[in-house]
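Residue 1 is where the sequence shown starts when you use this note's numbering, and the numbers rise one by one after that.
Below is one structure, written out as structure tokens; comments come after it.
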Amino acid sequence: MSMEQIGGWALATYGQDFLKFTTEIIARKAKDEKEKNEKLQALERRWQDFNWGASAERYKEHMQELYGWIRIIGSTEPTPIGEIFTDVNMLNKPQASRYYDPTQLQQLQNEPERLRDGERKRGLDIVVEDRGHRLYILGKPGAGKTTFLKYLVQQTIAADELNKLPIFVTLREWDARETDILDFITKQFDICNFPDAQPFIEYLLAQGRAIVLFDGLDEVPQEGEQRAKTIQALHDFSKKYRKTQIIITCRVAASDYSFSEFTYVEMADFIPQQVKAYARNWFHENPDTAEKFLQELDQAENKGVLDLGRSPLLLSMICLAYQETLTIPRRRVELYEDALDALLKKWDSSRKIRRDKGYKNLSLGRKKQMFARIAAEYFDNGEIFFKKKEVAQKIEDYMRSLPPDDQQDEPDGEAILETISAQHGILVERAKGLYAFSHLTFQEYYTAKYTADNALHGTLAKLSDHFDAPRWREVFLLT
1 MSMEQIGGWA LATYGQDFLK FTTEIIARKA KDEKEKNEKL QALERRWQDF
51 NWGASAERYK EHMQELYGWI RIIGSTEPTP IGEIFTDVNM LNKPQASRYY
101 DPTQLQQLQN EPERLRDGER KRGLDIVVED RGHRLYILGK PGAGKTTFLK
151 YLVQQTIAAD ELNKLPIFVT LREWDARETD ILDFITKQFD ICNFPDAQPF
201 IEYLLAQGRA IVLFDGLDEV PQEGEQRAKT IQALHDFSKK YRKTQIIITC
251 RVAASDYSFS EFTYVEMADF IPQQVKAYAR NWFHENPDTA EKFLQELDQA
301 ENKGVLDLGR SPLLLSMICL AYQETLTIPR RRVELYEDAL DALLKKWDSS
351 RKIRRDKGYK NLSLGRKKQM FARIAAEYFD NGEIFFKKKE VAQKIEDYMR
401 SLPPDDQQDE PDGEAILETI SAQHGILVER AKGLYAFSHL TFQEYYTAKY
451 TADNALHGTL AKLSDHFDAP RWREVFLLT
């Protein structure tokens with residue numbers, strides 16, 4: 001069976017090319033005819049009974065088994081990626097690298113949607129372009145980075161637009177301090193029963209016939225210099241195999257290092273057309289349900305729910321909730337709480353990820369209390385974007401106001417802010433030095449929470465002053 005018949009990776013062709021290449025190397029480097037014949041005979045003995053077609057089939061099935069599905073928070077069964085994947089777009093310029101002058105910042109307070117603007121391009125189109133040869137994909141938690149890499153694996157199987165052998169490395173599973181990256185990759189080919197896998201893999205990498213997908217650099221612990229060692233190993237690997245296409249994914253706020261030869265892009269939020277496409281994929285077995293869901297989602301009172309739906313992770317939670325009840329909850333506060341809990345604790349724990357704790361003494365309740373104070377103070381002033389130094393100072397002030405058991409020695413507000421952004425994605429850097437809640441809905445929810453929690457201090461009476469203000473409508477409904 002040829003590889004063309006079972007997926008188009010042409011692994012069998014690669015194998016024959018590898019043997020021809022190795023034969024030429026032996027012939028060129030042998031000291032004499034005797035040495036050449038001995039080495040060629042050894043090569044033939046090692047590979048003569050190897051079935052390239054069967055090996056390719058096993059590897060394809062192995063990749064499909066590992067990367068052909070996604071697990072959605074709240075769902076008991078994995079979902080085939082082909083049923084749910086919706087084309088994603090990339091921003092050519094990551095948001096955190098944009099600069100705005102004071103006048104522009106004031107305009108953004110009045111027109112926040114402008115921050116979603118920027119040159120977008122279909123993710124797969126970027127991957128197959130020349131600049132996709134070295135690609136560093138940034139994204140907020142739940143933006144779909146891992147899902148996109150799994151989708152690329154499916155594209156290599158189909159060989160529609162990406163005809164390369166996929167190698168998928170979940171970076172948190174590899175410790176660069178203990179194992180060489182080539183050894184780690186070689187073990188993934190055990191399923192193929194190669195007589196000697198490493199020379200063949202080195203050949204694939206040297207000839208540019210593979211695409212290596214490094215997922216989740218932010219998930220590598222910093223302790224013991226593990227992340228630093230990983231970064232250095234990735235640099236070395238990239239330099240050694242210049243013909244090989246390499247893609248790295250990382251959360252936005254965790255990317256404080258530079259891979260100079262890579263093109264940086266950022267996963268864009270879903271636009272309304274993508275929300276619709278995702279919903280129709282989700283409810284593909286019942287198109288009528290999909291259309292009813294989209295009609296409800298488009299109603300004015302569900303504007304906040306639609307805002308959350310710009311995140312693939314949160315949109316999946318909204319669809320799952322609708323699937324169970326066939327209605328968007330009237331008490332939207334419960335939906336928002338579930339979304340925030342997903343970002344604060346469930347998303348990482350569901351994938352067994354342990355992160356470095358930047359504010360380890362702060363309980364979940366205290367975190368929510370801090371977010372509520374920050375949200376309310378800025379919302380009361382009509383601000384949805386805040387300067388990094390200002391919000392960092394508010395974090396430090398809050399930390400110092402806590403009881404002694406909850407306090408940290410000399411809290412570093414900027415470090416805590418970056419940790420919040422990297423681990424939870426609730427506060428995110430929308431432009432250089434400019435932060436906001438990742439969804440306006442979150443700021444409105446936390447403002448309502450602060451108002452309700454501090455009613456004895458007059459917050460409800462103060463809220464009534466804004467009764468006729470459209471900007472405060474959602475806060476009223478959530479309080």
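From the three backbone atoms N, C-alpha and C, an ideal C-beta is built for every residue, glycine too.
Query raised in the report: Any idea what DSSP makes of phenylalanine 437, helix, strand or coil?
Result: strand
Query - Those residues which DSSP pairs with proline 80 across a bridge - result: Trp69
Query raised in the report: Would you call the region 280-299 and the region 84-94 in contact, with 3 or more CB pairs under 8 Å?
Result: yes
Report task. Counting only the same chain and skipping the five closest in sequence on each side, list residues whose C-beta sits under 8 Å from that of lysine 140. Result -> Arg251, Val252, Met267, Ser311, Gly425, Val428 and Ser438
Query raised in the report: Taking DSSP as the reference, what is the three-state secondary structure of asparagine 302?
Result: helix
Report task. Under 8 Å by Cβ, that's how I've got leucine 152 and aspartate 215 pegged, so tell me the actual separation to the nearest angstrom. Result -> Contact flag wrong, Cβ pair sits at about 10 Å.
Query raised in the report: When you compare each of Glu33, Ile247 and Lys121 to asparagine 92 by their alpha carbons, which one comes out closest?
Result: Lys121
Report task. State the Cα-Cα distance for the pair tyrosine 378 and alanine 159, rounded to the nearest angstrom. Result -> 50 Å
Query - beta strand (DSSP E) segments (min. 3 residues) lying fully within the region 236-295 - result: 245-251 and 263-267
Report task. For threonine 147, collect the residues of the same chain with a Cβ closer than 6 Å to its Cβ; drop the 5 residues on either side in sequence, then sort them by chain order. Result -> Ile70
Query raised in the report: When you compare only the Cα positions, how much space is there between methionine 90 and aspartate 298?
Result: 25 Å
Query raised in the report: Whose C-alpha, out of Pro403, Asp405, Pro404 and Met399, is nearest the C-alpha of glycine 413?
Result: Met399
Query - Best match in Ala452, Asp196 and Thr263 for proximity to arginine 480 [C-alpha to C-alpha] - result: The structure shown has nothing for residue 480, since the chain only spans 1 to 479.
Query - Best match in Met370, Leu417 and Ile384 for proximity to aspartate 406 [C-alpha to C-alpha] - result: Met370
**Report entry** Cβ contact (3+ pairs, closer than 8 Å) linking the region 229-243 and the region 173-193
**Finding:** yes
Query raised in the report: What residues are listed by DSSP as bridge partners for tyrosine 14?
Result: DSSP, once it has assigned bridges, lists no residue as partnering tyrosine 14.
Requested in this report: List the endpoints of the continuous alpha helix (DSSP H) containing valine 212.
Outcome: Premise fails: valine 212 lies in the beta strand (DSSP E), 210-215, not in any alpha helix (DSSP H).
Query raised in the report: Could you give the C-beta distance for alanine 206 and lysine 164, rounded to a whole number, given that I count them as a contact under 8 Å?
Result: Actually they do not touch by this definition, with Cβ atoms about 14 Å apart.
Requested in this report: Give the single residue among Pro470, Tyr446, Glu418 and Thr13 whose Cα lies nearest to the Cα of aspartate 218.
Outcome: Glu418
Report task. Give the single residue among Ser55, Glu33 and Glu44 whose Cα lies nearest to the Cα of threonine 22. Result -> Glu44
Report task. Grab the span of the beta strand (DSSP E) containing glutamate 429 for me, first residue to last. Result -> 427-431
Requested in this report: Can you give me the Cβ contacts of tryptophan 472 inside the same chain, cut-off strictly under 8 Å, excluding the 5 residues immediately before and after it?
Outcome: Leu463 and His466
**Report entry** For glutamine 323 and leucine 477, the rounded distance between their alpha carbons
**Finding:** 24 Å
Report task. Grab the span of the beta strand (DSSP E) containing lysine 121 for me, first residue to last. Result -> 120-122
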